[in-house]
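K.L.:
Sending over a structure as structure tokens; questions will come in a sec.
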Amino acid sequence: MAEARIELSVEGMSCASCVARVERIAGRLPGVTEASVSLATERATIAYDPAQVSPAAIAEALTRGGFRASPRKSDEEAAAGRDRELSDLWRDLVIAATLTIPLVLVAMGPMLWPALADAMAALAPERAWLWVEWALATPVLGWAGRRFFIHGLPALRRLAPEMNTLVMLGTSAAWCYSTTVLIAPGLFPEGARGVYFEAIGVIITLVLVGRYLELKSRGRASQAIQRLMALQVPTARVERDGVVSEVAVEEVRPGERVLVRPGERVPVDGEVVEGSSYIDESMVTGEPVPVGRGAGDEVIGGTINGSGAFSFRATRVGGDTVLGQIVRMVEGAQASKPPIQSLVDRVAGVVVWGAIFLALSAVVLWTALGFGIDHALVVAAAVLLIACPCAMGLATPMAIMVGTGRGAEQGILFRRGAAFQASAGIDTVVLDKTGTLTEGRPALTELVPRGGWQYDEVLARAAAVEAHSEHPLGEAVVAAARERGLAVPAAEGVEAVAGFGIRGRVAGADVAIGARRYMETLGAAIEPDQAEQADALARRGRTPMYVAIDGRIAGLMAVADPIKEGAKDAVVALQGMGLRTVMLTGDDRATAEAVAAELAIREVRAEVLPADKETAISDLQAEGRHVAFVGDGINDAPALARADVGVAVGTGTDVAIEAGDVVIMAGDPRSVARGLGLARQTFRTIRQNLFWAFVYNVTLMPVAAGALYPFFGVLLSPMMAAGAMSLSSLLVVTNSLRLRHTALPAQEALPSPA
Numbered sequence: 001m002a003e004a005r006i007e008l009s010v011e012g013m014s015c016a017s018c019v020a021r022v023e024r025i026a027g028r029l030p031g032v033t034e035a036s037v038s039l040a041t042e043r044a045t046i047a048y049d050p051a052q053v054s055p056a057a058i059a060e061a062l063t064r065g066g067f068r069a070s071p072r073k074s075d076e077e078a079a080a081g082r083d084r085e086l087s088d089l090w091r092d093l094v095i096a097a098t099l100t101i102p103l104v105l106v107a108m109g110p111m112l113w114p115a116l117a118d119a120m121a122a123l124a125p126e127r128a129w130l131w132v133e134w135a136l137a138t139p140v141l142g143w144a145g146r147r148f149f150i151h152g153l154p155a156l157r158r159l160a161p162e163m164n165t166l167v168m169l170g171t172s173a174a175w176c177y178s179t180t181v182l183i184a185p186g187l188f189p190e191g192a193r194g195v196y197f198e199a200i201g202v203i204i205t206l207v208l209v210g211r212y213l214e215l216k217s218r219g220r221a222s223q224a225i226q227r228l229m230a231l232q233v234p235t236a237r238v239e240r241d242g243v244v245s246e247v248a249v250e251e252v253r254p255g256e257r258v259l260v261r262p263g264e265r266v267p268v269d270g271e272v273v274e275g276s277s278y279i280d281e282s283m284v285t286g287e288p289v290p291v292g293r294g295a296g297d298e299v300i301g302g303t304i305n306g307s308g309a310f311s312f313r314a315t316r317v318g319g320d321t322v323l324g325q326i327v328r329m330v331e332g333a334q335a336s337k338p339p340i341q342s343l344v345d346r347v348a349g350v351v352v353w354g355a356i357f358l359a360l361s362a363v364v365l366w367t368a369l370g371f372g373i374d375h376a377l378v379v380a381a382a383v384l385l386i387a388c389p390c391a392m393g394l395a396t397p398m399a400i401m402v403g404t405g406r407g408a409e410q411g412i413l414f415r416r417g418a419a420f421q422a423s424a425g426i427d428t429v430v431l432d433k434t435g436t437l438t439e440g441r442p443a444l445t446e447l448v449p450r451g452g453w454q455y456d457e458v459l460a461r462a463a464a465v466e467a468h469s470e471h472p473l474g475e476a477v478v479a480a481a482r483e484r485g486l487a488v489p490a491a492e493g494v495e496a497v498a499g500f501g502i503r504g505r506v507a508g509a510d511v512a513i514g515a516r517r518y519m520e521t522l523g524a525a526i527e528p529d530q531a532e533q534a535d536a537l538a539r540r541g542r543t544p545m546y547v548a549i550d551g552r553i554a555g556l557m558a559v560a561d562p563i564k565e566g567a568k569d570a571v572v573a574l575q576g577m578g579l580r581t582v583m584l585t586g587d588d589r590a591t592a593e594a595v596a597a598e599l600a601i602r603e604v605r606a607e608v609l610p611a612d613k614e615t616a617i618s619d620l621q622a623e624g625r626h627v628a629f630v631g632d633g634i635n636d637a638p639a640l641a642r643a644d645v646g647v648a649v650g651t652g653t654d655v656a657i658e659a660g661d662v663v664i665m666a667g668d669p670r671s672v673a674r675g676l677g678l679a680r681q682t683f684r685t686i687r688q689n690l691f692w693a694f695v696y697n698v699t700l701m702p703v704a705a706g707a708l709y710p711f712f713g714v715l716l717s718p719m720m721a722a723g724a725m726s727l728s729s730l731l732v733v734t735n736s737l738r739l740r741h742t743a744l745p746a747q748e749a750l751p752s753p754a
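Just so you know, we're using full-length UniProt numbering here: the sequence shown kicks off at 1 and counts up by one.
Here you go:
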């Protein structure tokens, strides 16, 4: 089966029961294999077999189910839609508040201020004031609160009640009862003729306040993606047929030459062909220090050029740019769910029906016990209003939305929501040495000349011979000579001896480079102090090499893979989080232990072949460990896939690394600690949110049903129930927003990105 995926924008969801219903509707369609819905982003990601069902049929099924489903809107369209909804909510809230304030004053003022009671009695009889309450409450319910009927009534007809249904049932029952009392009071006993018009106004107003603040907060949670999208410039200067013209960035094609002036943003991804500059990539990679870019180097669309001007050849445009891939990855993570959310959605799906059943049962029970119908009505309305599972529906997606956004700003990309839950159980972090803790490129670290030779003389002759070598150690020597700007002479008769070294003739002299055993075969005597110096370098993780010119030692060189800046900070931060750190490498044990000692890593697994890395992870898991593996995402793909959490360290452009749950954009090892720390804190926030949501429902629903009344005479009013419902959602949202400012591991060691 050739599986396809579609993203739909789904409007009309108000709580977790709506999420469960959308997934249920989609999941029942033939050919649909998976449906994941996010209340926070109002999007559905659906996997399906195109041979059995079409995207149009999926959208139509959801629309028939009472939701407005359409092809996924762009972020700009979604933001515009959110602004329109906020505007509508604000208008209805103003209407509700404007009418509710005098309504409460008329209904409750006389009980609080006797002077007001006397003034009202002098103006009109009590029954007239009840009609004033009715006149104020009716438009609050029928106009400002119409959204609850527009969504709630069709849902009830489909036997799929949700949050709007509960509010509609609670407030309309109170309105119908109060209106009947007003029109025909004789139908009720003397003690059951109270009206609840002020409760209707306050309930509608409080729910609208909660909705408005919640929607506004959800907009703030999505600002990270909006900021990323804002990095895209609208136009680019492109050279076509020798003429430079400004075109829309959507019209730039791969292979075209693009010009960038000082201070401008780079419009698309590409490779520099002329000029050079320092570029601020912090907004994409999280790396705060501007990076030098010249001919042959890659540049990323959306980054800011410094003081230089350059031109580049476009390589990736549109949605294929690094920026476009980042946005897609963040949105994908926000739309996905950790396993815990699936359980929450199933529970939320029965909460609404449970609330309706409990409300009806409470009415029957309290009436049977001899309490008035007004008492039973108050209980039923409170149960219906308190039971809304809004907080459950927002608990997980809000935290994931904020967590993924915060990560993207730091150059840490979460590929899926499940990574947050998996990270919470990690107790061991395995770090691949090369490319993760070290630069992955050997470099010349020491050169000590002997026998009257000068540093540059020895280096130039050694580089002349090593220029004919393909060994990484030789490349390090050549690179060092190039960096010093040395004139490297030509070498003749170069001969490489596998496992020993290399030799050739330079400027009429024999030059040989290699280990001690190679020097011994050539008869070049090594002094004891030189041998001791070489051994000391080896103990520090360096690879010592002697340089002999015409049979006499002219210098001692050492090459090593330099440890990345911040690598030790990262290890210390991980250990500070209570994590066991293990270094994995193919190096010999002496070199590996030297590097580990420098990084304060106590456990080393050396001489591990690339093919055996996955086995090393499996061995740790067999010990009962929950393992995160950190590697380069390409050579380490099997190990990344085997680990409970795979962290792929990229280079700033490797966004599309398929293996791994987390991608570190800039390659900074400190971001590993920060990413795992952020994932832990995000899942901790999810647990806090769910704890509050469940405790709220489990505790307050029985209280609303009157469980405390026989013992303490306490009855929860519908107004308090509406306030508690709104407050529960706001607590979940604001608790999630705290992730935007929470401190991360190794944060103090790394400046915040610009």
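No residue lacks a Cβ here, since even glycine has one placed at the ideal position from N, Cα and C.
1) If Leu678 and Arg406 are in contact, beta carbons under 8 Å, what's the gap, nearest whole angstrom?
2) In whole angstroms, what is the alpha-carbon distance linking Arg516 and Gln533?
3) Measuring straight from C-alpha to C-alpha, what distance separates Glu483 and Ala460?
4) Taking just the CA atoms, how far does Val260 sit from Ser14?
5) Write down the C-beta distance between Glu274 and Ser307 rounded to the nearest angstrom, noting that I regard them as a contact closer than 8 Å.
6) Does the beta-carbon of Leu169, which I'm using as the reference point, lie nearer than 6 Å to any heavy atom of the ligand COA?
7) Bridge partners for Val595 per DSSP, in chain order?
8) Give the straight-line distance between the Cα atoms of Gly667 and Arg674, rounded to the nearest whole angstrom.
9) Let's see if you can read the secondary structure: which residues bound the alpha helix (DSSP H) around Ile150?
10) So, with DSSP's three-state summary, where would you put Gly578?
11) Distance, Cα to Cα, Pro389 vs Pro339?
12) Under the rule that 16 or more other beta-carbon atoms within 10 Å means buried, what is Ser38, buried or exposed?
13) Tell me whether Arg257 sits in a helix, a strand or coil according to DSSP, three-state version.
14) Would Ile386 and Ala721 qualify as a contact pair, given that the criterion is a beta-carbon distance under 7 Å?
15) Identify which residue in Val627, Leu731 and Gly508 has its Cα closest to the Cα of Ala693.
16) If you draw a straight line from the alpha carbon of Gly586 to that of Pro610, how long is it in whole angstroms?
17) Tell me the rounded alpha-carbon separation between Ala491 and Val478.
18) Measuring CB to CB, does Val645 end up less than 7 Å from Val672?
19) Around the C-beta of Ile150, are 16 or more other C-beta atoms found within 10 angstroms, so that it is buried, or is it exposed?
20) Return helix, strand or coil for Ala749, following the three-state DSSP convention.
21) What is the rounded straight-line gap between the Cα of Ala560 and the Cα of Gln410?
22) Report the rounded CA-to-CA distance for Lys613 versus Glu607, giving the unit in angstroms.
23) Here's the rule: buried if 16 or more other CB atoms are within 10 angstroms of the residue's CB, otherwise exposed. What is Ala122?
24) Suppose the cutoff is 7 Å on Cβ atoms and the five residues either side in sequence are ignored; what does the same chain contact list for Thr543 look like?
25) Rounded to a whole number of angstroms, what is the C-alpha to C-alpha distance between Val630 and Arg687?
26) Could you compute how far the alpha carbon of Ser736 sits from the alpha carbon of Met701?
27) CA-CA distance, Gln530 and Glu466?
28) From Leu444 to Glu565, what distance separates their C-alpha atoms?
29) Tell me the DSSP secondary structure of Gly555 in three-state form.
30) Where does Val352 land, buried or exposed, given buried means 16+ other C-beta within 10 angstroms?
31) Would you call His741 buried or exposed, if buried means 16 or more other Cβ atoms sit within 10 Å of its Cβ?
32) Rounded to the nearest angstrom, what separates Phe500 and Ile279 at their Cα positions?
33) Which term fits Thr699, buried or exposed, when burial requires 16 or more other beta carbons within 10 angstroms of its beta carbon?
34) Quick check on Tyr196: does DSSP put it in helix, strand or coil?
P.N.:
Inspection of the coordinates gives the following:
1) 6 Å
2) 12 Å
3) 11 Å
4) 47 Å
5) The Cβ separation is near 16 Å, so there is no contact.
6) What this structure holds is no ligand at all, so the ligand COA is not there to describe.
7) For Val595, which the question treats as bridged, DSSP gives no partner whatsoever.
8) 12 Å
9) Arg146 to Arg157
10) coil
11) 19 Å
12) buried
13) strand
14) yes
15) Leu731
16) 7 Å
17) 13 Å
18) no
19) exposed
20) Residue placement at Ala749 is flagged as unreliable, the pLDDT there being 46, under the threshold of 50; the coordinate-derived value follows with that caveat. In this structure, Ala749 counts as coil in the three-state DSSP scheme.
21) 30 Å
22) 10 Å
23) exposed
24) Leu473, Ala558, Val559 and Ala560
25) 26 Å
26) 25 Å
27) 22 Å
28) 17 Å
29) strand
30) buried
31) exposed
32) 43 Å
33) exposed
34) coil
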